Amino acid sequence: MLRAQDLVDGSQGTVYMTRDGKRTALINVKNVRAAAALNKSEKRVLGRRQAINRINGYSGTGSMTLYYMNSAFRRMLLEFKKTGRYPYFDLQVTNDDEGSSVGRQTVVLLNCLPDEITLSALDIEAEDLEEEIAFTFEDFDAPELFADIPEMG
């Protein structure tokens, strides 16, 4: 049975970006989400009308919304413009709601590349400026996973 104390408060956690060995807290992150899309191939089996599916890989995508106050991604694009080398980065996302019974979870997204970078922004209707960054990642690790919810008897 799901209990209120099992739920995870989405505002409790941290996001760190690591590039060229330097780890930086992204304190301006409003939200972040990453997913692995499973690549499947359909297989026909003799004597069976229903096809079966086999997973043969995955591709990683993500997105994050940032308050527009950090020029890290514009610096990376300038570096690419000058050197032809775009610096891949890693994102470490930790859910850390001390009030939740399931504990912490940390997922590290490896070799991330943004799809698009906002160069400048103004908006007379906006109280706070934001930027959206969609990205891909090549691999991931999960050094900490949520604990299983104990069954109530």
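Residue numbers in the sequence shown follow my numbering, run continuously in steps of one, and reach 164 at the last position.
The beta carbon of each residue, even a glycine, is placed where N, CA and C say it ideally should be.
Since we're looking at a predicted model, the values are computed, not measured.
Restricting to Cα atoms, I'd like to know which of S22, N81, A15 and D152 is closest to I144.
Taking the first residue of the sequence shown as 1, we reach residue 144 at position 133. If we check each option's Cα against that of I144, N81 comes out closest.
Would G24 and D107 be called neighbours here (beta carbons separated by less than 9 Å)?
Stepping through the sequence shown from its first residue, residue 24 is reached at position 13. Stepping through the sequence shown from its first residue, residue 107 is reached at position 96. In contact: G24 and D107 (Cβ atoms closer than 9 Å).
Length of the line joining the Cα atoms of L120 and F148:
Sequence index remark: in the sequence shown, residue 120 carries index 109 (1-based). Sequence index remark: in the sequence shown, residue 148 carries index 137 (1-based). Answer to the nearest angstrom: the Cα atoms are 6 Å apart.
Out of curiosity, what's the CA-to-CA distance linking G21 and V56?
Residue numbering aside, residue 21 sits at position 10 when the sequence shown is read from its first letter. Residue numbering aside, residue 56 sits at position 45 when the sequence shown is read from its first letter. Rounded to whole angstroms, G21 to V56 spans 44 Å at the Cα level.
Distance, Cα to Cα, F146 vs A46?
Indexing the sequence shown from 1 puts residue 146 at position 135. Indexing the sequence shown from 1 puts residue 46 at position 35. Rounded to whole angstroms, F146 to A46 spans 11 Å at the Cα level.
Tell me the DSSP secondary structure of R60 in three-state form.
Counting from 1 along the sequence shown, the entry for residue 60 is found at position 49. Here R60 sits in coil by DSSP.
First and last residue of the alpha helix (DSSP H) that includes R115?
For the purposes of this step, residue 115 is identified with residue 104 of the sequence shown, where counting begins at 1. Careful: R115 lies outside any alpha helix (DSSP H) and carries neither H nor E.
Taking a contact to mean a Cβ-Cβ separation below 9 Å, would you say A48 touches S70 in this structure?
The sequence position of residue 48 within the sequence shown is 37, counting from 1. The sequence position of residue 70 within the sequence shown is 59, counting from 1. S70 sits close to A48, with the two beta carbons spaced by under 9 Å.
Every unbroken beta strand (DSSP E) within the segment 24–51, with a cutoff of 3 residues, ordered by chain
Counting only runs of 3 or more, we get 24–30 and 33–36.
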